[in-house]
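Report on one structure; see the data block that follows.
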Amino acid sequence: MTAPDPGSLLHPVAGCADLVPRHVVKARLLGQDLAVWRADDDFVNVWADRCIHRGVRLTVAANDGAELVCPYHGWRYSNRSGNCAYMPAHPSDAPPRRLRVPTFRSEERYGLIWSGGSPEAEPPRLPHLEGEDTLVLRALPVNAPPDLALQGLLEWPCQPVPAPGDGASISCDSAGPFAVAVTARTGGTEEAVVHFVQPVDGGRCVIRPVMRGAPAADRRLSILRHHARQLEELRTRLESSAGSPVAVRGPSTPLQPLRRPTATAVSGRAPQLEVCVARKWLTAEGIAAFELAPVSGQLPSFQPGAHVDVHLPNGLVRQYSLTNGPGLTSVYRLGVKLEPDSRGGSRCMHVSVHEGDRLQLSEPHNNFPLRRDAARTVLIAGGIGVTPLLAMAQTLQRQELAYELHYFAQSDDHLAFGEVLEPLSTGLVKHLGLSPDQTADEIKKITHDYGTASHLYVCGPGPMIEATRAIAADSGWPEDAVHFEYFKNESELHDASSFEVRLARTGQTLVVGPGVSLLDSLRDAGVDMPSSCEQGVCGTCMATVLEGELDHQDVFFNDSERAAGDRILTCVSRAGGHKIVLDL
Amino acid sequence: MTITNGRRSGAATGPADPVAIDQWYAITALDEIPIGRTVRTELLGVPMSYCRDHDGSPLAWLTQDSLPAGAPVDARTLHAPLPTLADYGYLWTTVGEPDGGLFDIPETAEPDRRILNAGTFGIFTSGPRAVENFLDMGHLPFVHPGVLGQQPFTEIVDYQVEYRSSEIYAVNCLIFQPKAAAASTSGQMVNYTFRVPHPLCALLYKSTPEDDVRLDVIGLFVHPIDDGRVRAHLFNCLLDTVNTDGQLRRFQQGVLAQDKPILENQVPRQLPLDPDAEAPTRADKTSNAYRRWLSDLGMTYGVVARSNS
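Taken in order, these protein sequences are the chains called U and E.
Letter 52 of the first sequence, counting from 1, is numbered 59 in our numbering, and no numbers are missing.
Letter 35 of the second sequence, counting from 1, is numbered 40 in our numbering, and no numbers are missing.
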């Protein structure tokens with residue numbers, strides 16, 4: 008029988024009990040250094056022990072329960088995905104999705120964490136350990152090659168000891184390529200310990216014994232003592248027969264990290280992800296919540312404030328903000344309010360989309376990014392506008408940054424995602440049942456004392472955003488400290504004009520006629536423009552303007568950005584004169 | 006000259022890295038060298054020794070069995086001494102043939118400057134990793150919180166990197182610092198200029214609370230023991246009328262004590278010069294320039310050289 012490739016198998020790398028909350032444990036498997044940590048959602052992460060930025064070991068990083076934080080530059084890496092979630096030197100940038108720590112499989116069985124292996128590999132299932140509790144005995148690192156340790160375990164039974172009596176016997180048997188089972192029998196009773204051998208590298212291993220059944224407390228101590236003595240003895244024998252320090256040989260095949268789908272380039276408006284509705288529930292009066300899980304692979308990473316385009320079964324495309332806090336990377340969680348004058352988007356989500364249904368999504372876009380370098384962050388939410396701000400509030404709370412979330416809603420029954428709001432209690436201020444005038448008065452109170460390094464984020468109905476921007480400006484907030492995201496463009500769009508567009512890079516000249524958008528004309532001319540909302544809200548279809556007057560019809564730019572006239576949202580805005588030149 | 010340890014052994018193997026070998030290195034602060042007594046160390050993996058002669062002038066030589074540590078030295082009988090310089094308060098020597106003398110630090114000629122070695126630290130890292138850390142601003146709020154940086158003010162705004170007469174300069178580097186110098190009493194936005202005149206020496210110029218025009222100069226002079234161990238000297242050339250030498254040393258030593266555990270947890274210890282080996286951002290422009298500069302110089306000691314693929 009040929010020995011299986013160790014790289015194709017799963018091996019133990021730690022005991023489950025070693026993974027103390029909020030700690031990171033060091034391990035090594037087949038020559039690969041690993042950082043092993045348990046997140047607050049109980050997921051066990053097995054990662055390469057190296058920050059991709061400047062090579063610092065992640066075993067010296069802080070585990071905040073959702074992310075590992077490198078101590079050198081504060082880079083944050085997300086639970087499960089290993090994606091870089093934040094680079095503090097660039098507080099308003101989303102880290103590129105290709106930035107991630109190599110991650111490895113993690114499985115729990117028999118009280119041990121298992122890693123490595125091909126994607127199909129399973130931890131061994133042994134009859135010796137099935138059907139009963141297990142007791143993980145002391146693990147012992149040995150400076151001897153794994154095969155020598157396996158041989159030694161067959162010859163030197165460490166544990167268990169047969170109870171005295173007639174016919175007491177002990178047997179050592181191979182239990183797979185990297186395990187030896189020791190069985191002790193006396194009369195009708197039988198005890199078993201399986202010694203798993205973790206191949207650290209060519210010259211070192213860790214013996215990890217697991218005992219079947221949890222012994223009574225009075226026997227436990229003597230078992231542990233006997234085990235420790237025997238295993239020490241075995242180590243001495245192994246290390247002396249291994250001779251002088253064994254040259255550390257590399258593994259035959261290096262440990263393969265999990266492959267993640269690489270984010271595809273944004274192209275047109277085509278869906279890029281297939282998800283399944285894992286959970287749907289009514290989170291507040293008129294607001295349905297959805298958890299969308301990937302059909303295969305891992306969801307692309309995103310930053311607080313991001314949204315996805317949902318391609319609905321009825322053919323419509325709608326944008327919904329992601330409410331996920333740090334570390335929630337296994338699903339996208341969003342909230343949809345049933346609009347009484349729904350054009351078919353929210354109604355379809357509420358009525359026609361059910362748990363188990365498949366949906367097509369875009370990758371997350373973020374046009375409402377959160378800066379995390381503010382001395383004070385004020386979040387103002389109107390109704391369902393809370394969704395992107397929930398992601399922000401959870402992030403700020405997790406990083407212990409000062410923030411306030413002012414949530415304006417009709418009543419307690421209209422507050423969405425209560426289970427997320429609950430732990431935010433210190434930063435959350437509810438404003439219930441206020442008239443527009445009362446709301447404006449509250450916003451004046453909230454924003455009256457602007458201080459440097461303060462930032463304001465507002466999301467909600469259009470008139471509320473308008474009012475907040477005006478009030479903040481009156482109170483001395485600079486425009487670049489006030490961030491907003493509209494749900495929709497409520498202004499009337501004018502597309503009667505006709506104008507010429509020159510593309511500086513390709514040299515093409517196009518004519519945009521009445522009733523046709525600049526975006527559509529560009530696409531007709533073969534330019535692959537990304538887009539999302541196509542109503543001047545989200546900013547995805549932005550182009551750089553080199554020359555020409557603009558007729559801005561979006562609700563994305565603030566006043567000074569409009570005045571600068573160097574960028575245009577091609578879905579709704581047009582030339583103000585006869586001709587513009589774009590950097591395309 | 007024959008140097009053992011495989012780094013340079015004359016005709017036998019040829020120089021392993023002429024760029025690293027043909028440099029001056031600061032071995033130790035002059036006023037810390039015993040007079041007439043051998044001190045042993047290594048330079049680039051080569052065992053060497055040094056002392057001061059009875060007239061105070063520094064002596065350095067390749068380690069000889071006849072001169073164990075502490076042995077009395079007579080300069081007149083010393084066989085084949087290494088070249089030495091006594092500049093900026095340090096003993097400089099070389100195991101190669103440097104092209105000329107040391108880089109200039111004009112500020113050291115100003116009479117009111119405080120010039121001292123604020124500390125020498127043994128660190129298990131390579132010279133280039135130590136220099137890169139000195140050039141790095143992004144780590145200040147995390148590694149030196151409350152002193153050289155403060156969260157959440159972590160942004161590194163764009164700055165400029167220039168090459169001037171084959172040295173690297175990074176200018177207009179701004180960072181918020183709660184206590185930029187031992188003489189600081191409050192937080193301020195501090196403007197740094199970094200200068201790299203030597204593969205293992207870097208200088209930074211920063212505004213000082215005591216002068217509106219002139220700048221404090223702080224240097225890192227690395228003595229590479231081998232390609233994974235250094236002794237890092239912190240050179241101070243300050244405008245400070247407030248603090249004692251002891252206070253200045255305590256301030257710098259507190260800072261370096263925070264860097265040491267980070268540097269000792271970087272893998273590999275050698276600095277990777279391949280642009281894809283680590284993930285730089287815009288904030289890392291200076292270190293990118295430094296890596297490229299080392300690569301262009303042809304430095305191979307203490308680095309993981311670029312693959313040619």
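C-beta atoms are modelled at their ideal positions from N, C-alpha and C, and glycine is treated no differently.
Keep in mind that this is a model prediction, so the values were computed, not measured.
Among the residues facing chain E, GLY81(U) is included, as its CB has a counterpart in that chain under 8 Å away. For LEU245(U), the enclosing alpha helix (DSSP H) covers residues 224-249.
Here ILE294(U) is bridged, per DSSP, to ALA291(U), LYS344(U). Distance between ALA68(U) and PRO86(E), taken at the CA atoms: about 47 Å. Between the beta-carbon of ARG311(E) and that of ASP289(E) there is about 17 Å, and that puts the pair past the 8 Å contact cut. Nearest to GLY583(U) by alpha-carbon distance, out of ALA511(U), GLY220(U), GLU507(U), is GLU507(U).
Taking CB atoms only, ASP380(U) has a neighbour in chain E less than 8 Å away. HIS361(U) counts as exposed, since fewer than 16 other C-beta atoms from the protein chains shown sit within 10 angstroms of its C-beta.
Using beta-carbon distances, MET94(U) counts as an interface residue toward chain E, with a partner under 8 Å. Where TRP54(U) is concerned, the enclosing beta strand (DSSP E) starts and stops at 51-55. Across the structure, THR68(E) and PRO126(U) are spaced so that their CA atoms are roughly 56 Å apart. Taking 8 Å as the CB threshold, VAL385(U) stays off the interface with chain E. The beta carbon of LEU408(U) sits closer than 8 Å to some beta carbon of chain E.
Residue contact check for ARG297(E) against chain U: no CB pair falls below 8 Å. A distance below 6 Å between beta-carbons, with the five flanking residues on each side excluded, links PRO130(U) to the following residues of its chain, in chain order: LEU17, GLU114, ARG116, TRP121. Distance from VAL148(E) to GLN263(E) at the Cβ level is roughly 5 Å; contact confirmed, criterion being Cβ atoms closer than 8 Å. THR551(U) and ASP573(U) do touch by the CB rule: their CB atoms are close to 6 Å apart, below 8 Å. Selection PRO157(E), TYR174(E), ASN196(E), ASP22(E) evaluated against HIS97(U) yields PRO157(E) as nearest (Cα-Cα). When 7 Å is used as the limit between beta carbons, ARG57(U) is near these residues of chain E: VAL272, in chain order.
At least one beta carbon of chain E lies nearer than 8 Å to the beta carbon of GLY62(U). Short of 7 Å from the beta carbon of GLU281(U), and not among the five residues preceding or following it, lie these beta carbons of its own chain, in chain order: VAL302, ARG365, GLN367. For the 8 Å CB-CB criterion, ILE387(U) and GLY342(U) do not form a contact.
Excluding residues up to 5 positions away in sequence, LEU144, VAL200, HIS202 lie with their Cβ nearer than 6 Å to the Cβ of PRO216(U) in the same chain. Counting every other CB atom within 10 Å of its CB across the protein chains shown gives PRO116(E) a total below 16, marking it as exposed.
A straight line joining the alpha-carbon of PRO133(E) with that of PRO204(E) spans about 7 Å.
Close partners of PRO98(U) in chain E (Cβ separation under 7 Å): THR159, GLU160. Remark: three or more beta-carbon pairs, one from each stretch, lie closer than 8 Å, so the region 73-85 of chain E and the region 35-44 of chain E are flagged as touching. Annotation for ALA488(U): SER461, HIS462, LEU463 place their beta carbon closer than 7 Å to its own, counting only its chain and skipping 5 residues before and after.
Per the coordinates, the alpha-carbon of ASN70(U) lies some 15 Å from the alpha-carbon of ASN90(U). Per DSSP, reduced to three states, the secondary structure at HIS357(U) is helical. LEU261(E) and TRP29(E) have their C-alpha atoms some 23 Å from each other. Secondary structure of HIS144(E) (DSSP, three-state): coil. Only residues of its own chain outside the window of five on either side were considered, and among them PRO98, SER99, HIS462 have a CB closer than 6 Å to the CB of ARG378(U), listed in chain order. Interface with chain E (8 Å Cβ-Cβ cutoff): LEU377(U) is excluded. For VAL207(U), none of the residues of chain E pass the 8 Å Cβ criterion, the least Cβ distance being about 16 Å. Each of GLY123(U), ASP561(U), GLY81(U), GLY533(U) was checked against the Cα of PRO19(U), and the nearest Cα belongs to GLY123(U).
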